[in-house]
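Visitor: Please see the structure below; I have some questions.
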Amino acid sequence: MDRYHEMRMFRALSQRPSLASAARFLNVSGPTLVRAIARLESRLGVPLVVRSTRGVALTEAGAAFMADCSRILDDIEQAEVCAKGLHVQAQGSLRVHLPLLFSRYVMAPMLTRYMDLYPQVRLFAHYHDRVVNLHEEGVDVAVVMGHLPSSSLIARPVGQVRSIVCASPAYLAIHGEPQVPEDLLRHRLIAVQAHQDKVQWPFQAGAETCLFKARPHLGCSTVQAAISAAAQGAGLVRCESYPLYDYLQSGRLRPVLGAYETASLPVQVVYREGLKAPIRVRSLVDFLVEHLREHPALR
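Dropping the structure here:
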């Protein structure tokens, strides 16, 4: 029980600008709070906070411990709510991991709708284009593109994305449409990285995958800038299908070399505990699965 109270004190201290304000929130004295944090640091063998004239800040170890404490305390609170029969409304904190570009084009409005439906859930969204370890990093829910290695995670498929080469109809009318990947050598190519020396585009030719390499005529610092340039007739661009969806639907861009596309990548909503997951986790998973499966850019 002492550890539970110490964790509550540590979370309160991490969420407030000063030791005094945390002590007032907890209705304890300042020395009581200081002793509780000192006991935590002594038992763990690492400093959790750094004190200065400007307040209190978490160390790197303190931030990691805070994420675990918050999850444990939320689970305890959720268990008490369920025991009281008030579990119809999800509440508590959720750490979510999302691919950066996918979040901009697909996830942002979706998360807004989820927060409107579940106002008692606090979302902490992390945006990275890397594989995350849900167990080690304390992540509750992740959207993952690609195939998962064998693991204990629960994965629910929601759709797929493709890598598409496209250009504006006006550009293709002037320069012609490439029929095979080698034809790209005669075209203006747009790189999605500003200082990319060469584009390296994989293509599927029968059972083999070939890698086409060429110098781009234009390099853009963002995917959106590259797509906009292609829509204005600057050349051919290659990127994932979801940021291209509106451009392809409106006819501003047209796909080419469809016969040489590489295999689609699955999109999955991933979480850890399955049926034992807290209601706040299940609420987000079910919401994302329903709405992502309906999203036209993932079909």
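Mapping of the sequence shown onto the working numbering: residues 57 to 355, in sequence order. Backbone N, C-alpha and C define an ideal beta-carbon position, used for all residues, glycine too.
1) Three or more C-beta pairs closer than 8 Å, one from the region 170-178 and one from the region 201-221: is that the case here?
2) When the distance is taken between beta carbons, is Q71 closer than 8 Å to R336?
3) Are the region 260-279 and the region 217-232 touching by the rule of at least three beta carbon pairs closer than 8 Å?
4) Applying the criterion that 16 or more other CB atoms from any shown protein chain within 10 Å of the CB defines a buried residue, is H184 buried or exposed?
5) Find the nearest neighbour of E317 within the set Y298, Y301 and G262, judged by alpha-carbon distance.
6) Compute the Euclidean distance between the alpha carbons of V248 and M166, then round it to the nearest angstrom.
7) Find the nearest neighbour of A338 within the set A135, D196, R80 and P87, judged by alpha-carbon distance.
8) Buried or exposed, going by whether 16 or more other CB atoms sit within 10 Å of the CB of P299?
9) Going by DSSP in three states, S85 sits in which element: helix, strand or coil?
10) Helix, strand or coil: which one does DSSP assign to Q280?
11) Kindly indicate which three-state DSSP category Y161 falls into: helix, strand or coil?
12) Tell me the DSSP secondary structure of H143 in three-state form.
13) Smallest Cα separation from V217: which of S306, A123 and Y161?
14) Give the DSSP bridge partners of G275, in chain order.
Guide: Here's the rundown:
1) no
2) For the purposes of this step, residue 336 is taken as the residue at position 280 of the sequence shown. For the purposes of this step, residue 71 is taken as the residue at position 15 of the sequence shown. Contact: no.
3) Touching, no, given that fewer than three Cβ pairs across the two stretches are closer than 8 Å.
4) Indexing the sequence shown from 1 puts residue 184 at position 128. Exposed, by the Cβ-count rule.
5) Residue mapping note: residue 317 aligns to position 261 of the sequence shown, counting from 1. The shortest C-alpha separation from E317 is found at G262.
6) Within the sequence shown, residue 248 is the residue found at index 192, counting from 1. Within the sequence shown, residue 166 is the residue found at index 110, counting from 1. About 26 Å.
7) Here residue 338 refers to the residue found at position 282 of the sequence shown. The amino acid at residue 338 is misidentified as Ala; the sequence shows Arg. Looking at the Cα atoms, D196 is the closest of the given residues.
8) In the sequence shown, counting from the first residue as 1, residue 299 sits at position 243. Looking at its Cβ environment, which holds 16 or more other Cβ atoms inside 10 Å, P299 is buried.
9) As a working note, residue 85 is residue 29 in the sequence shown. Coil.
10) The count along the sequence shown starts at 1 and reaches residue 280 at position 224. Helix, per DSSP.
11) Along the sequence shown, one-based indexing puts residue 161 at 105. Note: Y161 maps to helix in three-state DSSP.
12) The sequence position of residue 143 within the sequence shown is 87, counting from 1. Bear in mind that a pLDDT of 47 at H143, under 50, signals an unreliable position, so the number given afterwards is only what the model happens to contain. In this structure, H143 counts as coil in the three-state DSSP scheme.
13) In the sequence shown, residue 217 corresponds to position 161, counting from 1. Nearest C-alpha to V217: Y161.
14) Walking along the sequence shown from the start, residue 275 turns up at place 219. Its beta-bridge partners are A247.
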